[in-house]
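**Student:** Residue numbers (the working numbering): 127 to 338. All residues carry an ideal CB built from backbone N, CA and C; glycine is no exception.
1) Would you decide whether residue 269 is buried or exposed? Buried here means 16 or more other CB atoms lie within 10 Å of its CB.
2) Would you be able to state if there are at least three C-beta pairs under 8 angstroms between the stretch 256–273 and the stretch 290–303?
3) Leaving out five residues on either side along the sequence, give the residues of the same chain with a beta carbon under 6 angstroms from the beta carbon of residue 183.
4) Can you have a look at residue 319 and say buried or exposed, based on whether 16 or more other CB atoms are within 10 angstroms of its CB?
5) Would you mind sorting residue 259 into buried or exposed? The rule is 16 or more other CB atoms within 10 Å of its CB.
6) How close, in whole Å, do the beta carbons of residue 174 and residue 286 come, if the pair is a contact with beta carbons under 8 angstroms?
7) Determine the direct distance from the alpha carbon of residue 154 to that of residue 239, and round the result to whole angstroms.
8) Below 8 angstroms, how does it come out for the stretch 226–235 and the stretch 185–199: are there three or more Cβ pairs, yes or no?
9) Just checking, does the stretch 162–170 make contact with the stretch 190–199 on the three C-beta pairs under 8 angstroms criterion?
10) Taking the alpha-carbon positions, what's the residue 254 to residue 244 distance?
11) Can you say whether residue 323 is buried or exposed, counting buried as having 16 or more other CB atoms within 10 angstroms of its CB?
12) On the DSSP bridge assignment, give the partners of residue 185 in chain order.
13) Among 261, 304, 299, which one has its Cα closest to the Cα of residue 156?
14) Here's the rule I'm using: 16 or more other beta-carbon atoms within 10 Å means buried, otherwise exposed. How should residue 214 be labelled?
15) In whole angstroms, what separates the C-alpha of residue 149 from that of residue 328?
16) In terms of residue numbering, what span does the alpha helix (DSSP H) encompassing residue 237 cover?
17) Could you pull the start and end residues of the beta strand (DSSP E) that residue 282 belongs to?
18) State the DSSP-derived secondary structure class of residue 192, mapped to helix, strand or coil.
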């Protein structure tokens, strides 16, 4: 593992004349947690998308374990859970969705099956896993999305408002899972003070967005 799990250097992202992010520098070592804060429209989602490699910076670079964000090497090291999840197959069950993504992470079917069974047990998703995703509530989908982010034990977890629609029990299970993965670096965008308090590092974007 690289000395720094995440390195962000001079990251800027513009959308026409609007500057969404400007000159960000961030380092995260294994096990560190970064809470990304700011009001809606401050650039939290833009930052997460640049880290995961789904949005290219206008300037600067993002490295994950020394590899450029979005590269195959970087993607293998990242687990992602988004607040507006649209990548699940809605007619499949939660378990079948997790198994599909687990097969992309693991070399054998046995490993893929074992990984899914383990995360379902850990997060207590036995009642949600058999349901078709299209029949799940927002909170249920969030729990499956978080479970997917854990598959393959990634070195960096990128979480977008992961506790927003969860009840107390689900929130406790989420943080318990993160506490058990004490070598994983975590980037979490959140409005919840309780989540912020669990992170040792903070990035406040509220004053960084401006018009050019």
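**Tutor:** Considering the structure as presented:
1) With 16 or more Cβ atoms within 10 Å of its Cβ, residue 269 is classed as buried.
2) yes
3) So the qualifying residues of the chain are 137, 139, 176.
4) That one is exposed.
5) buried
6) 6 angstroms
7) The straight-line gap from Cα to Cα measures roughly 31 angstroms.
8) no
9) no
10) 14 angstroms
11) Residue environment: residue 323 is assigned as exposed (fewer than 16 neighbouring CB atoms within 10 Å of its CB, all protein chains considered).
12) 138
13) 304
14) buried
15) 16 angstroms
16) For residue 237, the enclosing alpha helix (DSSP H) begins and ends at 235–248.
17) 282–286
18) DSSP, read as helix, strand or coil, puts residue 192 in coil.
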